[in-house]
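Its first residue numbered 104, the sequence shown is counted upward by one per residue in our numbering.
Data first, discussion second: the structure below is written as structure tokens.
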Amino acid sequence: MNAAPKPRVYSAVQPTGNLHLGNYLGAIKNWVDLQDGYDCLYNVADLHAITEQQDPAALRAHTRSVAACLLGAGIDPERSILFVQSHVSGHAELAWIFNCVARLGWLNRMTQFKDKAGKHRENASAGLYVYPNLMAADILLYKASHVPVGEDQRQHLELCRDIAQSFNSQYGTQTFPLVEPLILGVAARVMSLRDGSRKMSKSEPSDASRINLTDTAEQIQTKIRKARTDPDPLPGAPGGLDARPEARNLVGIYAALGNKTPAAVCAKFDGAQFSTFKEALADLTVAALAPITREMDRLLRDPGHIDTVLAAGAERARDLAAPVLAEVKHTVGFLPG
Ligand code: AQP
Numbered sequence: 104m105n106a107a108p109k110p111r112v113y114s115a116v117q118p119t120g121n122l123h124l125g126n127y128l129g130a131i132k133n134w135v136d137l138q139d140g141y142d143c144l145y146n147v148a149d150l151h152a153i154t155e156q157q158d159p160a161a162l163r164a165h166t167r168s169v170a171a172c173l174l175g176a177g178i179d180p181e182r183s184i185l186f187v188q189s190h191v192s193g194h195a196e197l198a199w200i201f202n203c204v205a206r207l208g209w210l211n212r213m214t215q216f217k218d219k220a221g222k223h224r225e226n227a228s229a230g231l232y233v234y235p236n237l238m239a240a241d242i243l244l245y246k247a248s249h250v251p252v253g254e255d256q257r258q259h260l261e262l263c264r265d266i267a268q269s270f271n272s273q274y275g276t277q278t279f280p281l282v283e284p285l286i287l288g289v290a291a292r293v294m295s296l297r298d299g300s301r302k303m304s305k306s307e308p309s310d311a312s313r314i315n316l317t318d319t320a321e322q323i324q325t326k327i328r329k330a331r332t333d334p335d336p337l338p339g340a341p342g343g344l345d346a347r348p349e350a351r352n353l354v355g356i357y358a359a360l361g362n363k364t365p366a367a368v369c370a371k372f373d374g375a376q377f378s379t380f381k382e383a384l385a386d387l388t389v390a391a392l393a394p395i396t397r398e399m400d401r402l403l404r405d406p407g408h409i410d411t412v413l414a415a416g417a418e419r420a421r422d423l424a425a426p427v428l429a430e431v432k433h434t435v436g437f438l439p440g
């Protein structure tokens, strides 16, 4: 008897810089675990990256290094499909169709566009504005049923559901599933080491604000030692972290890396000074990231191998995408090519 097909997961990371601890704890660590129960597609989202200007040489280098990082963290290219977004033209084709389904009013509500475009809205690329339509196309091109997203991507996933529903009802079909979010892990959102109200981010100018997965043990120790905190000792329970965003962030990182709850971390360090806690946190971080960094360095010494893995992943992705794209094109009334 054939086993039931596993639910399909899709997720992506942009090659806009070096991956950091937020990407790891908020996304990649979970992606590795999901490989056991799901049929997974993971993508280096270079089409998304160019919604903001990228240096071409840096984009190429980051695309390979993000792929190496995913492999180093434990994405298994045999079990999962790992590929580069621009290698599968169906993403851009379906995104165009969705540009014609999504309503301006829906896009106008997207807070990430407002955050990223800031005061220079008139100068933002049209690509940045329709970014959520491309994200919907990424997911629905494979009829994925689940998307592991950080809290910050929840609104885009809602839009994906709106697009799927609108397409289905406009054409009277059941072409697309309604995608469910998978929000996993205790540190769903890792904040900047310099400002507990901002998320840790690749594009934040201060390198001290984040721990890159390429950082050495010494760099990690220095960044954690210098991380902003407050003068009070650690509380015995997470309630004592209220209104202490930087302290809460560090406890959350320790909890996520150590597979503990914040309550267990507070109980362990009850009354400790931050100097003691930061030392323990730095040791834990170095121990967790060193194997990934080592493997990533090894892989990057052979870029040809990375390219071969990505080419094989793209071929498998194209095979899955082709019938969905053909079905969509037929549904909207395009002649077969
Ligand atoms: N600080 C974070 N905490 C938890 N999860 C995070 N993610 C990103 N930052 C954090 C999650 O990582 C996945 C891939 O993110 P992305 O690279 O596609 O885009 P992003 O969210 O825009 O990440 P950055 O680092 O902030 O990049 P830039 O600076 O280029 O915008 C996503 O699942 C995301 O939620």
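Ideal placement from N, C-alpha and C gives every residue a C-beta, glycine not left out.
Remember, predicted model here, so these are calculated numbers, not experimental data.
**Message:** Using the Cβ count rule (16 or more neighbours within 10 Å means buried), how would you classify T379?
**Reply:** Locating residue 379 in the sequence shown gives position 276, counting from the first residue. Residue burial annotation: T379 is exposed, with fewer than 16 other C-beta atoms found within 10 angstroms of its C-beta.
**Assigned secondary structure, N362 (DSSP; H/G/I helix, E/B strand, else coil)** = Position 259 of the sequence shown, counting from 1, holds the residue named residue 362. Of the three classes helix, strand and coil, the one that applies to N362 here is coil, per DSSP.
**Prompt:** Helix, strand or coil: which one does DSSP assign to Y274?
**Reply:** As a first step, residue 274 is located in the sequence shown; it is residue number 171 there, counting from the start. In this structure, Y274 counts as helix in the three-state DSSP scheme.
**Asked** the ligand AQP heavy atoms versus the CB of G120: any closer than 7 Å?
**Response** For the purposes of this step, residue 120 is identified with residue 17 of the sequence shown, where counting begins at 1. Checking the Cβ of G120 against the ligand AQP gives yes.
**Asked** So H249 is in the beta strand (DSSP E); what residue range does that whole segment cover?
**Response** Numbered from 1 along the sequence shown, position 146 holds the residue referred to as residue 249. For H249, the enclosing beta strand (DSSP E) stretches over residues H249 to P251.
**Asked** With DSSP run on the structure shown, which of helix, strand or coil describes C172?
**Response** The residue given as residue 172 occupies position 69 in the sequence shown. If DSSP states are grouped into helix, strand and coil, C172 belongs with the helices.
**Message:** On the CB-based measure, 16 or more other CB atoms within 10 Å of its CB, does K329 come out buried or exposed?
**Reply:** Here residue 329 corresponds to residue number 226 of the sequence shown, with the count starting at 1. Result: exposed.
**Message:** Given a cut-off of 8 Å on the beta-carbon distance, is the pair I153 and G230 in contact?
**Reply:** What you label residue 153 is simply residue 50 of the sequence shown in a count that begins at 1. What you label residue 230 is simply residue 127 of the sequence shown in a count that begins at 1. With respect to the 8 Å criterion, I153 and G230 are classified as neighbours on the basis of their beta carbons.
**Asked** Expressed to the nearest angstrom, what Euclidean distance is found between the alpha-carbon atoms of A367 and V252?
**Response** Stepping through the sequence shown from its first residue, residue 367 is reached at position 264. Stepping through the sequence shown from its first residue, residue 252 is reached at position 149. Rounded to the nearest whole angstrom, the CA to CA distance from A367 to V252 is 25 Å.
**Message:** Would you call the region 107-125 in contact with the region 159-175, where contact means no fewer than 3 C-beta pairs closer than 8 Å?
**Reply:** A contact exists between the region 107-125 and the region 159-175.
**Request:** Would you tell me roughly how many angstroms separate the C-alpha atoms of A195 and D218, rounded to the nearest one?
**Result:** Reading the sequence shown from its first residue, position 92 is the one you call residue 195. Reading the sequence shown from its first residue, position 115 is the one you call residue 218. In a straight line, the C-alpha of A195 is about 24 Å away from that of D218.
**Message:** Using a Cβ distance threshold of 8 Å, determine whether the region 123-138 contacts the region 262-282, with at least three qualifying pairs required.
**Reply:** The answer is no - the region 262-282 does not touch the region 123-138, with fewer than three Cβ pairs under 8 Å.
**Message:** Does the contact criterion of 3 or more C-beta pairs under 8 Å hold for the region 174-181 versus the region 396-409?
**Reply:** Judged by Cβ distances under 8 Å, the region 174-181 makes contact with the region 396-409, as three or more pairs qualify.
**Asked** Should D333 and A350 be called a contact, given that it needs their Cβ atoms to be closer than 8 Å?
**Response** The count along the sequence shown starts at 1 and reaches residue 333 at position 230. The count along the sequence shown starts at 1 and reaches residue 350 at position 247. Taking 8 Å as the Cβ cut-off, D333 and A350 qualify as a contacting pair.
**Asked** Going by the C-beta, is A115 closer than 7 Å to any heavy atom of the ligand AQP?
**Response** Indexing the sequence shown from 1 puts residue 115 at position 12. Yes, the Cβ of A115 comes within 7 Å of a heavy atom of the ligand AQP.
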